[in-house]
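Chemist: Counting with the numbering used here, you get residues -12 to 203 for the letters of the sequence shown. By construction, the Cβ of each residue, glycine as well, lies at the ideal position given by its N, Cα and C atoms.
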Amino acid sequence: IQYSSALVKDMAGNPIQPISDLTVFNSTPQAQGYVLDTTSPKLLSFSLDLDTDIVRLTFDETISAASDVIGALTFHNSPFSSGTSVVLERERTKLSLSDDPVFSFVLLEADAIRLKADFDLGTTVNNTFATHTSALIADRYKNQVVPRNISVDAVQANSVEADATSGVLSQFDAFDFNTGTFTITFSEPVDVATFNVTFVTLQNAPVAATNFTLTG
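#1: Alpha carbons only, please: which of Ser65, Phe116, Ala149 and Ala59 is nearest the one belonging to Ala122?
#2: In chain order, what are the residue ranges of uninterrupted beta strand (DSSP E) at least 3 long that sit wholly in the segment 60 to 119?
#3: Closer than 8 Å by C-beta to Arg101: which residues in its own chain qualify, once you throw out the five before and the five after it? Chain order, please.
#4: Between which two residues does the beta strand (DSSP E) containing Val42 stretch?
#5: Would you list the residues sitting across from Tyr(-10) in a DSSP beta bridge?
#6: Between the alpha carbons of Phe90 and Arg43, how many angstroms are there, rounded?
#7: Tell me the DSSP secondary structure of Ile124 in three-state form.
#8: Which word fits Lys(-4), buried or exposed, when buried means at least 16 other C-beta atoms lie within 10 angstroms of its C-beta?
#9: With a 10 Å radius around its C-beta and 16 neighbouring C-beta atoms as the bar for buried, classify Gly167 as buried or exposed.
#10: Out of Gly203, Val187 and Ala195, point me to the one whose CA is closest to Phe159's CA.
#11: Does DSSP put Thr202 in a helix, in a strand, or in coil?
#12: Which term fits Arg77, buried or exposed, when burial requires 16 or more other beta carbons within 10 angstroms of its beta carbon?
#13: Hey, quick one: how far does the beta strand (DSSP E) through Ser34 stretch, first residue to last?
#14: Is the segment 130 to 147 touching the segment 172 to 187 in the sense that three or more CB pairs, one from each, lie closer than 8 Å?
#15: Starting from Ile57, follow the beta strand (DSSP E) in both directions and report where the run begins and ends.
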C-alpha cells in the first residue's frame, strides 16, 4: 500500500507520514493476510426492452462477462408457478464484454418472438418476473450466482419497455388454387383478431394493371 500525507491526521492535527513510490518497496507495510472472495453474487434487478430486445441484469457485485449461460434464465408473468413462462435459449448477442455489476445482452430472435406472442408477459413490470439457476453467471472468482426460484424469490422487473415497433410483411408464399390458401409471414407476432383480408391485393407484377383485392 502507498499513500500521501493527505490520507489522515492524528488527534493533534499532524498529517500522517506518507509512503511514496520511492519508499514503497523499502518501508511499505505488507498485508498480513489475504482472503479470497467466496461469496456468490446475487441478481438484484433486471430490465426488459421488447422494442430493442435488450435485457439488462444488475447484480450486487462485479460478475464475469465471459461466464454467462443465458439458457439458465426464465421470464414469467407471475412470481408463482401458476403463470406462463418463457425459457431463454442459450444463444444471444452479448453487449457486456467487460466485467461489471450490470450484464446486458440482446435476445435471440426466437426468444423475442415468443415473448411478444404472449400478451400476458413482458408488457409491464407487474407481469414480468425472472428466475434462474446457479449456472446463469459467476463472479470473477468463479462463485456461481445465487439461484432465484419461482414461488420463492422470483425477481420483478424494475423497467419494462413494450414493443412499439410496427411489424412488416417479410415473406409471401404463392397462392394455392387447389386449396384457396396462401401464407404471409411477418417480422414479429401479430394479433390474428385484427387481420383484415380485404386490405390484401394480389397482382401479377410489382407494378401492374392486373390485380385483385380479396373480399374475405
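Modeler: The short version:
#1: As a first step, residue 122 is located in the sequence shown; it is residue number 135 there, counting from the start. Nearest option by C-alpha distance: Ala59.
#2: Runs found: 60 to 63, 72 to 74, 87 to 93 and 116 to 119.
#3: Taking the first residue of the sequence shown as position 1, residue 101 is located at position 114. Closer than 8 Å at the Cβ level, and outside the excluded window around Arg101, lie Val73.
#4: Translated into the one-based positions of the sequence shown, residue 42 becomes position 55. Residue range Ile41 to Ile50 is occupied by the beta strand (DSSP E) that includes Val42.
#5: Walking along the sequence shown from the start, residue -10 turns up at place 3. DSSP, once it has assigned bridges, lists Ile6 as partnering Tyr(-10).
#6: Along the sequence shown, read from residue 1 onward, the residue named residue 90 stands at position 103. Along the sequence shown, read from residue 1 onward, the residue named residue 43 stands at position 56. Between the C-alpha atoms of Phe90 and Arg43 there is a straight-line separation of about 6 Å.
#7: Within the sequence shown, numbered from 1, the residue matching residue 124 stands at position 137. Secondary structure at Ile124: coil, using DSSP grouped into helix, strand and coil.
#8: Counted from its first residue, the sequence shown places residue -4 at position 9. Note on Lys(-4): under 16 other CB atoms within 10 angstroms of its CB, so exposed under the neighbour-count rule.
#9: Here residue 167 refers to the residue found at position 180 when the sequence shown is read from its first residue. By the 10 Å Cβ count, Gly167 comes out exposed.
#10: If you number the sequence shown from 1, residue 159 lands on position 172. Out of Gly203, Val187 and Ala195, the CA that lies nearest to the CA of Phe159 is found in Val187.
#11: As a first step, residue 202 is located in the sequence shown; it is residue number 215 there, counting from the start. Coil.
#12: Residue 77 sits at position 90 when you count from the first residue of the sequence shown. Answer is exposed; the Cβ neighbour count stays below 16.
#13: As a position in the sequence shown, residue 34 is number 47, starting the count at 1. For Ser34, the uninterrupted beta strand (DSSP E) run begins and ends at Leu30 to Asp36, by DSSP.
#14: As far as the Cβ criterion goes, the segment 172 to 187 does not touch the segment 130 to 147, which means the pair count is below three.
#15: For the purposes of this step, residue 57 is taken as residue 70 along the sequence shown, with counting starting at 1. For Ile57, there is no enclosing beta strand (DSSP E), as DSSP marks it with neither H nor E.
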